[in-house]
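Participant: Provided herewith is a single structure, encoded as structure tokens, for subsequent inquiry.
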Amino acid sequence: MTSSPYRVGVAGPVGSGKTALVDALCKSMRDDYSIAVVTNDIYTQEDAQFLVRSQALLDHSRIVGVETGGCPHTAIREDASLNLVAIEDLEARFKDLDLIFVESGGDNLAATFSPELVDLTLYVIDVAAGDKIPRKGGPGITKSDLLVINKIDLAPMVGADLSVMDRDAKTMRGDKPFVFTNLKESQGLETIESFIQYQGRLSVPQSV
């Protein structure tokens, strides 16, 4: 394990697939790493409860829901105290943690995580919102460590052109990476997992 848990922030608009991504990553990585999750909702713990029901982590006490009570991106940027307290509590209870996922509440393209809160940011958008989303810009699109363009299976149904999204993502992000995903089929999940392992310098399990 690392000297302290590697913190991965997962942000993006409502319905883009943030919770689905956290769920998939937990299930894919939990056999090899000690993981915990902090979710953010304004007035509920709906995302945390979904992860518990889904058994994203077999020990449900490793999943903590934070009720921000206000603007969701304030709780991950300007005043991250509620999240920091939740993380400190998890670290105190689980001394062996390798990885903590912090999922933001549904936010806009301007939302970013405080560097004090996370080490790495994944920003999730979805094809169903239209192929114009990457070129709208905003810190989530341009500055996240990895942009996740999710629900590519819906492209034909909503008339979204993935080649346009690919072009615009390259234009807006320069050398920063992005990945197309269909989490229902785990398409692109391995790329995200490898990115987290590399950036967090996590030991990579040896295949038998």
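In the working numbering, the protein residues as written are 187 to 394.
From the three backbone atoms N, C-alpha and C, an ideal C-beta is built for every residue, glycine too.
Cα-Cα, which of S290, E289, D305, N368 is closest to D312?
Facilitator: Within the sequence shown, numbered from 1, the residue matching residue 312 stands at position 126. The shortest Cα separation from D312 among S290, E289, D305, N368 belongs to N368.
Participant: Helix, strand or coil, according to DSSP, for F280 in the structure here?
Facilitator: Translated into the one-based positions of the sequence shown, residue 280 becomes position 94. DSSP places F280 in coil when its eight states are reduced to three.
Participant: I'd like to know whether the C-beta atoms of L285 and I378 end up nearer to each other than 9 Å.
Facilitator: What you label residue 285 is simply residue 99 of the sequence shown in a count that begins at 1. What you label residue 378 is simply residue 192 of the sequence shown in a count that begins at 1. Contact: no.
Participant: So, for P391: in the same chain, excluding its five sequence neighbours on each side, which residues have a beta-carbon less than 6 Å away from its beta-carbon?
Facilitator: Reading the sequence shown from its first residue, position 205 is the one you call residue 391. Only D218 meet the Cβ criterion.
Participant: Would you say the beta carbon of S349 comes nearer than 8 Å to a heavy atom of the ligand NAD?
Facilitator: Absence of the ligand NAD from the depicted structure is noted, as is the absence of any ligand whatsoever, leaving it without description.
Participant: Determine whether the beta carbon atoms of K204 and G292 lie at a separation below 9 Å.
Facilitator: Position 18 of the sequence shown, counted from the first residue, corresponds to residue 204. Position 106 of the sequence shown, counted from the first residue, corresponds to residue 292. In this structure, G292 lies closer than 9 Å to K204 by Cβ.
Participant: Let me confirm a value: D275 is counted as buried when at least 16 other C-beta atoms fall within 10 Å, else exposed. Which label applies?
Facilitator: As a position in the sequence shown, residue 275 is number 89, starting the count at 1. With fewer than 16 Cβ atoms within 10 Å of its Cβ, D275 is classed as exposed.
Participant: Give me the Cα-Cα distance between L207 and R248, rounded to the nearest whole angstrom.
Facilitator: The residue labelled residue 207 in the question sits at position 21 within the sequence shown. The residue labelled residue 248 in the question sits at position 62 within the sequence shown. Approximately 17 Å between the Cα atoms of the pair.
Participant: Leaving out five residues on either side along the sequence, give the residues of the same chain with a beta carbon under 7 Å from the beta carbon of S202.
Facilitator: Locating residue 202 in the sequence shown gives position 16, counting from the first residue. Excluding residues within five positions, the ones whose Cβ falls inside 7 Å are V310, I311, D312, N336.
Participant: Taking just the CA atoms, how far does G256 sit from V238?
Facilitator: Walking along the sequence shown from the start, residue 238 turns up at place 52. Walking along the sequence shown from the start, residue 256 turns up at place 70. Distance between the alpha carbons of V238 and G256: 24 Å.
Participant: Okay, do the stretch 344-360 and the stretch 314-334 touch, 3+ Cβ pairs below 8 Å being the bar?
Facilitator: Touching, yes, given that three or more Cβ pairs across the two stretches are closer than 8 Å.
Participant: Considering only residues of the same chain and omitting the five flanking positions on each side of R321, which have a CB-CB separation below 8 Å?
Facilitator: Mapped onto the sequence shown, residue 321 falls at position 135. Correct list, in chain order: D354, T357, M358.
Participant: Can you tell me where the alpha helix (DSSP H) holding E264 begins and where it ends?
Facilitator: The residue labelled residue 264 in the question sits at position 78 within the sequence shown. That residue, E264, is in no alpha helix (DSSP H); it is neither H nor E in DSSP.
Participant: What is the rounded straight-line gap between the Cα of S189 and the Cα of D339?
Facilitator: The residue given as residue 189 occupies position 3 in the sequence shown. The residue given as residue 339 occupies position 153 in the sequence shown. Answer to the nearest angstrom: the Cα atoms are 39 Å apart.
Participant: By a C-beta neighbour count over all protein chains shown, 10 Å radius and 16 as the cutoff for buried, is P360 buried or exposed?
Facilitator: Numbered from its first residue, the sequence shown carries residue 360 at position 174. Looking at the sequence itself, residue 360 is Gly, so the reference to Pro does not match. So G360 counts as exposed.
Participant: Please give me, in chain order, every unbroken run of the beta strand (DSSP E) with length at least 3 that falls completely inside the stretch 326-389.
Facilitator: Taking only runs of at least 3 residues, the beta strand (DSSP E) segments lying wholly in the stretch 326-389 are 332-336, 364-366.
Participant: Measuring only the C-alpha atoms, how far is D227 from A272?
Facilitator: To locate residue 227, count along the sequence shown from 1; it is residue 41. To locate residue 272, count along the sequence shown from 1; it is residue 86. If you take the alpha carbons of D227 and A272, they lie about 14 Å apart.
Participant: How is the beta strand (DSSP E) around F287 delimited, first residue to last?
Facilitator: Mapped onto the sequence shown, residue 287 falls at position 101. Looking at the DSSP string, the run of the beta strand (DSSP E) that includes F287 is 285-289.
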